[in-house]
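The structure under discussion appears below in the form of structure tokens.
Numbering (the working numbering), first residue to last: 20 to 212.
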């Protein structure tokens, strides 16, 4: 405690800010690694008369909790370090603000980049028409039952239900072409050679 009492008021301020922010930073990191991050995905659409669709970007602002915690942690430790090297108080404050601001912007850019990697995974069925697929479970004739096909669609391998208007059953491993989509089911025909 004698060490702490020997600090100037500004050094004590930097130390307290840096320690508190660092504890929060460590807690955030632990939650991110072990789950329970507290971030939630939400759709910003509101329906109503005259309500506009707020279609914005990723939804991450520079002034998030993570960014502010990084600002105080980096700024506090930088300011304390500057004062320990007997740098002028004004320079110490400016450098700590710049370092904290750089940390805030870095966290914002990292989070924004991470969120750009997200994909909702929804398969747009209309884009499948005209594509080829391979029969996985034989398809009964004249839409009398459903079979299954596998295909690569929109960058992912998927298995989908399929029916056919053909007179004969389409066997497994046959190549078919998607001619129409009805709900969640594909209407297919044998691929012409």
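Glycine included, C-beta positions come from ideal geometry on N, C-alpha and C.
Here the structure is a predicted model, which means the values were calculated and not measured.
Beta-bridge pairing of residue i - partner residues as DSSP gives them
i, result
"residue 32", "Beta-bridge pairing links residue 32 to no other residue."
"residue 176", "171"
"residue 208", "196"
"residue 181", "166 and 205"
Member of the options whose CA lies at the smallest distance from the CA of residue i
i, options, result
"residue 150", "197, 122 and 135", "197"
"residue 189", "212, 204, 154 and 175", "154"
"residue 98", "51, 115, 199 and 41", "115"
"residue 199", "175, 146 and 176", "146"
"residue 177", "205, 185 and 162", "205"
"residue 172", "141, 157 and 191", "141"
"residue 4", "185, 26, 112 and 107", "Beyond the ends of the chain as shown, which are 20 and 212, falls residue 4; an answer cannot be given."
"residue 201", "41, 169, 148 and 160", "148"
"residue 108", "23, 33, 187 and 211", "33"
Nearest-angstrom Cβ-Cβ length linking residue i and residue j, presumed shorter than 8 angstroms
i, j, result
"residue 166", "residue 152", "Actually they are not in contact, since the Cβ atoms of residue 166 and residue 152 sit about 11 angstroms apart, beyond 8 angstroms."
"residue 29", "residue 102", "7 angstroms"
"residue 160", "residue 187", "6 angstroms"
Test item: CB-CB of residue i and residue j under 7 angstroms
i, j, result
"residue 126", "residue 95", "no"
"residue 88", "residue 131", "no"
"residue 84", "residue 118", "no"
"residue 175", "residue 195", "no"
"residue 90", "residue 123", "yes"
"residue 183", "residue 168", "no"
* For the region 109-156, which segments carrying the alpha helix (DSSP H) assignment without a break, of at least 4 residues, lie completely within its bounds, in sequence order? -> Segments of the alpha helix (DSSP H) lying fully in the region 109-156: there are none.
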